[in-house]
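Under UniProt numbering, the first residue of the sequence shown carries the number 1, and numbering increases by one thereafter. Just so it is clear, CB atoms sit at the ideal spot from N, CA and C, and this is done for glycine as well. Being a predicted model, the structure only gives us computed values, none of them experimental. Single-structure report; data block below.
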Amino acid sequence: MSNQYEVIIIGAGPSGLAAARSLLEDGIRNVLLIEREAEAGGVPRHCRHPTFGLQTYFRPMNGHKWAARILKRVAGKYEIRTSTTVVNIKPGGEVDVSSDRGFETLKAKRVIIATGVRETPRHARLVSGLRPQGVLTAGALQQFIYLKKLKPCNRPVIVGSELVSFSTIWTLRNAGIKALALIDENSRPVAFRPSALYAKLMGVPLHLGAHITKINGGERVESVEFTDAKGRTQLVECDSIIFTGRFTGEYTLIRKSHLAFEPSSGRPLFDQSGRCSDPCYYAVGNMTHPADMGDQCYQEGQQVGHAVANSLKSEDAGSFSVPVSLAEVFRISAPNVIHCGEDGRGVVTLNVRVNAAYSGEIVIRDGQKELYRKRHRCMPERRVLLKNIDVAGLTPESVLSVTIA
Ligand SMILES: Cc1cc2nc3c(=O)[nH]c(=O)nc-3n(C[C@H](O)[C@H](O)[C@H](O)COP(=O)(O)OP(=O)(O)OC[C@H]3O[C@@H](n4cnc5c(N)ncnc54)[C@H](O)[C@@H]3O)c2cc1C
C-alpha cells in the first residue's frame, strides 16, 4: 500500500470530516484521514444532547446522530484509518503514525491538523487534597455513560459553569444520576444566564463565586470542601467530582514539531486559511480556538478544505505574513497571523477570546491606521467575532494590533 498522499487529515472529528468533504467536492482524490479513536466522528459521538446540527442541517440534533451524518458524507470515499495515532509531524508533510500495524511514516503534499481539544483535568487546576478515584471530566463521563454503558458515579458534584457544565447535568440524568451541586469560581455563569435557571429546574444547587479548597477520600472521593461567595466553608459529601470545560487544544504534536507556535497558548501560528509556518501544514477546528460549537467547527473545516485544495492547484507567489498582536485583555485570536498575498487580500474575521469580562469598543490598527472599531460585550470562554477587517493595505512591516478603546 502506498504511503504517499495528496492530503493527510489528522483527526476525524467535525473539522477533519468537513475538510475532507470540501476536498472531495474539489476533486482531490488521494486523501487519508487518521483517527486515534476506534471510530471516526470526534467528540460529538459521545454528546447525546440536541445542540448540534442547526447550521449544517437546520435542525437540532443529538451529537452522535449528527456525527454519523457528517461521517456518511465522506465514508467510503476516502480511507479512514481508525485506532491510529499520529505521533510526529515533520518538515515537508511527513507524519509518523503508530497503530497495531506498528510504526509507519506517511507523506503528503498537505497535512491538515484537526486534533480538537480536551478539558483541563484536576491536576492542571491545582486543586489540593487527596487523589482518590472518582475525579473525571465531562468528556470522560460522556464516554463512560454513552459509549461504554457504565455508571461511573452515584453522587457527583460538577465543577464549572460553561455550557458543557450544564449539559453534564443532562448526561447524568440520562444515566439516572442526580448531580448534588454545581460549583464555579466565577460570580456569574460562564454560559448564558438561562443555563442557571436550567440547573435550578433540575434541582441542582448552584454555588457561584466558590473556590474548591480540598478533595477528601481514601480509595474513592468522599467529600469536597469549598469556600462559598460569602467566605463560608462548605462541605458536600459526594462520590465523585466532574471537572468540566476550561478547554485546551490538543497541542502535543505541535510542541515537539518544527512548526512555529505561540509560547503562551501552545497553538501553532496559522493564518486565515489555516496555513502554518510550514506551508505543507494547515490547522483547523477547536485546536485553534478552544472551544467553539460543533457546527462552527464544521463550517470552518469546509473553508480550510477548500483552501487546501486551492493550494494544491496554484502556486502562491509573492506573499508575506503579518502578526496579530493582542492587548492584555485578550487571550487568543484565531487566526494569529494574517497572510497577505494573491489569495490573502481583502477582508478577514478574527475569532478572539478575552481573559475577563469586557464591555466596550474593540479597535484594530495597523500603526496609526484604524482598520476596525466596534462595541462588543465579551465573556471569557465565549467566542467574539471581529468581522470584515480590511487587510488590503497591509505591508510586510505591518502589525495588526487588537486593542480596547
Ligand atoms: C465534553 C465536550 C462537550 C461538548 N458539547 C458540545 C455541545 O453540546 N454542542 C456543541 O455544539 N459542541 C460541543 N462541544 C464542542 C464540539 O464537540 C466541538 O466543537 C467539535 O467536536 C470540534 O471538532 P474538532 O474536529 O475540531 O475536534 P474533535 O471533535 O475533538 O475531534 C478531534 C479528533 O482528533 C483526534 N485526534 C487527536 N489527536 C490525534 C492524533 N495525534 N492522531 C490521530 N487522531 C487524533 C481525536 O481522537 C478526535 O476524534 C463539546 C466538546 C467537549 C469536549
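Item                                                                                                                                                                                         : Value
In the DSSP assignment, find the unbroken beta strand (DSSP E) run with H339 in it and report its ends.                                                                                      : V337 to C340
By DSSP, does F145 sit in helix, in strand, or in coil?                                                                                                                                      : The identity of residue 145 in the sequence shown is Ile, whereas the question assumes Phe. Helix, per DSSP.
In the DSSP assignment, the beta strand (DSSP E) including P323 goes from what residue to what residue?                                                                                      : F320 to L326
Assuming H207 is part of the beta strand (DSSP E), what are its boundary residues?                                                                                                           : L206 to L208
In the DSSP assignment, find the alpha helix (DSSP H) that holds Y198 and state where it starts and stops.                                                                                   : P194 to L201
Determine the direct distance from the alpha carbon of A199 to that of V97, and round the result to whole angstroms.                                                                         : 43 Å
Since I28 and A327 should fall inside the 8 Å C-beta cutoff, what is the C-beta to C-beta distance between them, to a whole number of angstroms?                                             : With a Cβ gap of about 40 Å, I28 and A327 do not count as contacting.
Helix, strand or coil: which one does DSSP assign to residue 407?                                                                                                                            : In the structure as shown, the chain begins at 1 and stops at 405. Residue 407 is therefore absent and cannot be evaluated.
In whole angstroms, give me the CA-to-CA distance for L23 and A283.                                                                                                                          : 15 Å
Got a sec, what are the start and stop residues for the beta strand (DSSP E) P156 sits in?                                                                                                   : P156 to V159
Just mark D100 as buried or exposed, buried being the case when its beta carbon has 16 or more other beta carbons within 10 Å.                                                               : exposed
For P60 and I389, what's the separation of their Cα atoms in angstroms?                                                                                                                      : 32 Å
Does the beta-carbon distance from L385 to N351 come in below 8 Å?                                                                                                                           : yes
Counting only the same chain and skipping the five closest in sequence on each side, list residues whose C-beta sits under 6 Å from that of G305.                                            : A19, S22 and L23
Can you name, in chain order, every residue of its own chain whose Cβ lies under 6 Å from the Cβ of T252, other than the five neighbours on each side?                                       : none
With distances taken Cα to Cα, identify the nearest neighbour of I165 among T120, Y146 and G129.                                                                                             : Contrary to the premise, residue 165 reads as Ser rather than Ile in this sequence. It is T120.
So, using beta-carbon positions, are residue 406 and A181 closer together than 8 Å?                                                                                                          : Since the first residue shown for the chain is 1 and the last is 405, residue 406 is missing from the structure and cannot be characterised.
Taking all protein chains shown into account, decide if G139 is buried (16 or more other Cβ within 10 angstroms of its Cβ) or exposed.                                                       : buried
Closer than 7 Å: is that where the CB of N174 sits relative to any heavy atom of ligand 1?                                                                                                   : no
Please state if the CB of L163 and the CB of P152 are separated by a distance shorter than 8 Å.                                                                                              : no
What is the DSSP secondary structure of N174, reduced to helix, strand or coil?                                                                                                              : helix
Mind reading off the beta-carbon distance from M287 to A114? Whole number of angstroms is fine, and I expect it under 8 Å.                                                                   : 7 Å
Enumerate in chain order the residues of its own chain whose CB-to-CB distance from D271 is below 8 Å, with the five nearest sequence positions on each side excluded.                       : S321, P335, V337, I338, H339 and G344
Tell me which same chain residues have a C-beta within less than 6 Å of the C-beta of L235, skipping the five on either side of it?                                                          : S223 and E225
Pairing CB atoms from the segment 238 to 246 with CB atoms from the segment 258 to 276, are three or more of them under 8 Å?                                                                 : no
Name the DSSP beta bridge partners of V224, please?                                                                                                                                          : I215 and V236
Determine the extent of the alpha helix (DSSP H) in which L253 is found, giving its start and end residues.                                                                                  : T252 to R255
Flag this pair as touching only if the segment 33 to 51 and the segment 1 to 13 have three or more C-beta atom pairs under 8 Å; answer yes or no.                                            : yes
Going straight from the alpha carbon of E397 to that of Y146, what length do you get?                                                                                                        : 52 Å
What residue range does the alpha helix (DSSP H) around E94 cover?                                                                                                                           : Not the alpha helix (DSSP H): E94 falls in the beta strand (DSSP E), residues E94 to S99.
Starting from the C-beta of G209, find all residues in its chain whose C-beta is less than 6 Å away, skip the five residues before and the five after it, and write them out in chain order. : S187 and A229
Ligand 1 and D295: does the residue's C-beta get closer than 7 Å to at least one heavy atom of that ligand?                                                                                  : yes
Let's test the definition: count the other Cβ atoms within 10 Å of the Cβ of Q302 and tell me whether it reaches 16, buried, or not, exposed.                                                : buried
Three-state secondary structure (DSSP) at N30?                                                                                                                                               : coil
DSSP three-state label for D271, please.                                                                                                                                                     : coil
Less than 7 Å separating the Cβ of M287 from some heavy atom of ligand 1?                                                                                                                    : yes
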